[in-house]
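Colleague:
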Amino acid sequence: MEKNNREENKLEQNQNNKERKRISINGFEAQISPITAAFIGLIGVFFLYQFVGGLFTLIIFGFDLNNAPVNGLRIMTMISQLFFILLPAILFSKWFYNDTKKILKLKIPNYKEIVLFLIGIFVLTPLLQNYVSIQNHFIEKMAEISPFINSIKSLLDSLNSLVEKSYKNLLSAKTIYDAVFVIFVVSIVPAVSEEIMFRGFIQGSFELKLRARWAIIITAVFFGFYHFNPYGLVPLIILGLYFSFAAYMSRSIVVPMILHFTNNFIAIIMYFIIGDKDLIDPSASGVLDIRMSFFLLILFAVIFIGIVYLIFGYYRKKKMEFI
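Heads up: the sequence shown begins at -12 in this note's numbering, then just goes up one per residue.
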C-alpha cells in the first residue's frame, strides 16, 4: 500500500515538474522561453534557406547560375521560400506554443485597416526611393575623398552586384506568362512566407517577453539583414518597421502580407517599366537632382507621419467603441 502511494506521489511529482517546465505568458503556454524560440527560428531558417536551399540550387543547376534556366531558378526560389521559411515557421509555432492561430496572428482584418496601411505603403515607397538616392550620392562623394570608405564601398559593390544579378534573373520577363510567374514568385510567395515567419512567429515570440516597441524594432532589424542587400539595408529595416507596426496594431498577419505584396509588386512593375538601372541602383546625380530628392524625402516623410497619426487615431477610436 505504501509502495503504491509512493509511486503515485512520484508520478504526480513528475507531472507537476512537466507542467512547471511550460511557461505561461498572457494566456499562452510556451514549451521554452519565447526569446529562445525566436532565435531558434531565426538561426534555423537562416541555415535552411541560405545554406540548405543554396546547396540544393548548386546541386541542381551547378555553379554557373547565369546560364541556368530562369524558370528553374524561380521554381527553386519559390520552393525554398515555402519549405525553408514558411513550413519551419508553422512547425516552430506548433511545437513551442499552445495557440498557433494567436501567435501567428491568423485573423481577418477590417477593410478600413487595410486601406489605411495601404495608403502608408504608397507614400513610404517613394520616400525610401528618394532616401536611397541621397544615401548613394553621399557614399559616392565620401568614397572619392576617403580611401578607407572607398575600400568599404568596393566590398559593398561586390555584394551588391550579386544581389543585382539575382534580381535580374528573377525579374526578367519576355512574355505575359513570364510576368505573371514573376509576380507570383517575387510578390505573393515571399509576402506569405516571410510575413508568417517574421511578423508571425518571430515578432509574436518577442512580444510575449519584450515591450511592443522592442519586439517591432528587433524583428525589423533581422528582417533587413536577412535580405543581404547592402545599399537597401536601411530601407528594408524601415519597411520591416512598418510591416511589424501594422501586424501589432491590427493583430492580423493579413495586413503586413498585403503591404509586403504591394511593395514587391510596385518594385516589379517599376522594373518592367524603367528597367534595372534606376530601380536597383538609384542615385541622385548633380546638385539639382540631390536637392529634388531632399525635397521629396521631406515631403513624403511629412505625409507619412500624418498617415501614422491617422492610424493611431483609428485604433484609439476603435478601442473606445469597444469599451
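Glycine included, each C-beta is placed from N, C-alpha and C at the ideal position. In this text the structure is predicted, and so the values were computed from the model without any measurement.
How about residue 95 and residue 239: do their beta carbons lie closer than 8 angstroms?
Modeller: Cβ atoms of residue 95 and residue 239: closer than 8 angstroms.
Colleague: Decide if residue 267 is buried, meaning its Cβ has at least 16 other Cβ atoms within 10 Å, or exposed.
Modeller: With a pLDDT of 47 at residue 267, under the threshold of 50, the modelled position of that residue is not reliable, and the figure given next carries that caveat. Buried: at least 16 other Cβ atoms inside 10 Å.
Colleague: Report buried or exposed for residue 269, applying the criterion of at least 16 other Cβ atoms within 10 angstroms of its Cβ.
Modeller: Because residue 269 carries a pLDDT of 49, less than 50, the predicted location of this residue cannot be relied on, and the following value inherits that uncertainty. Classification for residue 269: buried.
Colleague: State whether the stretch 183 to 194 contacts the stretch 202 to 215, with contact taken as three or more CB pairs (one from each stretch) at a distance under 8 angstroms.
Modeller: In short, these stretches touch, since the Cβ pair count reaches three.
Colleague: If you draw a straight line from the alpha carbon of residue 62 to that of residue 179, how long is it in whole angstroms?
Modeller: Those two C-alpha atoms are separated by around 16 angstroms.
Colleague: What's the gap between the Cα of residue 294 and the Cα of residue 302?
Modeller: For residue 294 and residue 302, the distance between alpha carbons rounds to 13 angstroms.
Colleague: Excluding the 5 residues preceding and the 5 following residue 126 in the sequence, name in chain order all residues of the same chain whose CB lies nearer than 7 angstroms to its CB.
Modeller: Closer than 7 angstroms at Cβ, skipping near neighbours: 140.
Colleague: Can you tell which of 237, 132, 247 and 236 has the C-alpha that lies nearest to the C-alpha of residue 225?
Modeller: Of the candidates 237, 132, 247 and 236, the one whose C-alpha sits nearest the C-alpha of residue 225 is 247.
Colleague: Is residue 17 helix, strand or coil by DSSP?
Modeller: Here residue 17 sits in strand by DSSP.
Colleague: Taking buried to mean at least 16 other C-beta atoms within 10 Å of its own C-beta, is residue 122 buried or exposed?
Modeller: Label assigned to residue 122: buried.
Colleague: Looking at the unbroken alpha helix (DSSP H) that takes in residue 221, where does it start and where does it end?
Modeller: 220 to 237 is the span of the alpha helix (DSSP H), which, as asked, contains residue 221.
Colleague: Hey, is the stretch 76 to 95 in contact with the stretch 14 to 30, meaning 3+ C-beta pairs nearer than 8 angstroms?
Modeller: Judged by Cβ distances under 8 angstroms, the stretch 76 to 95 makes contact with the stretch 14 to 30, as three or more pairs qualify.
Colleague: Where DSSP assigns a beta bridge to residue 10, which residues make up the other side?
Modeller: In the DSSP output, where bridge partners are listed per residue, residue 10 has 17.
Colleague: Taking the CB atoms as reference points, tell me whether residue 156 and residue 280 lie closer together than 8 angstroms.
Modeller: It is not a contact, given that the beta carbons lie outside the stated cut-off.
Colleague: Runs of 4 residues minimum, wholly inside the stretch 31 to 108: which ones carry the alpha helix (DSSP H) assignment?
Modeller: List check, alpha helix (DSSP H) in window: 40 to 48, 57 to 68, 74 to 83 and 87 to 90.
Colleague: Once you ignore the five residues that flank residue 211 on each side, which residues in its own chain have a CB closer than 6 angstroms to its CB?
Modeller: Contacts found: 220, 223, 224 and 227.
Colleague: Okay, do the stretch 144 to 158 and the stretch 229 to 237 touch, 3+ Cβ pairs below 8 angstroms being the bar?
Modeller: Result no; under three Cβ-Cβ pairs closer than 8 angstroms.
Colleague: In terms of residues, what are the limits of the alpha helix (DSSP H) holding residue 211?
Modeller: Segment 199 to 213, the alpha helix (DSSP H) holding residue 211.
Colleague: Check for me: the alpha helix (DSSP H) holding residue 176 runs from which residue to which?
Modeller: Its alpha helix (DSSP H) spans residues 176 to 182.
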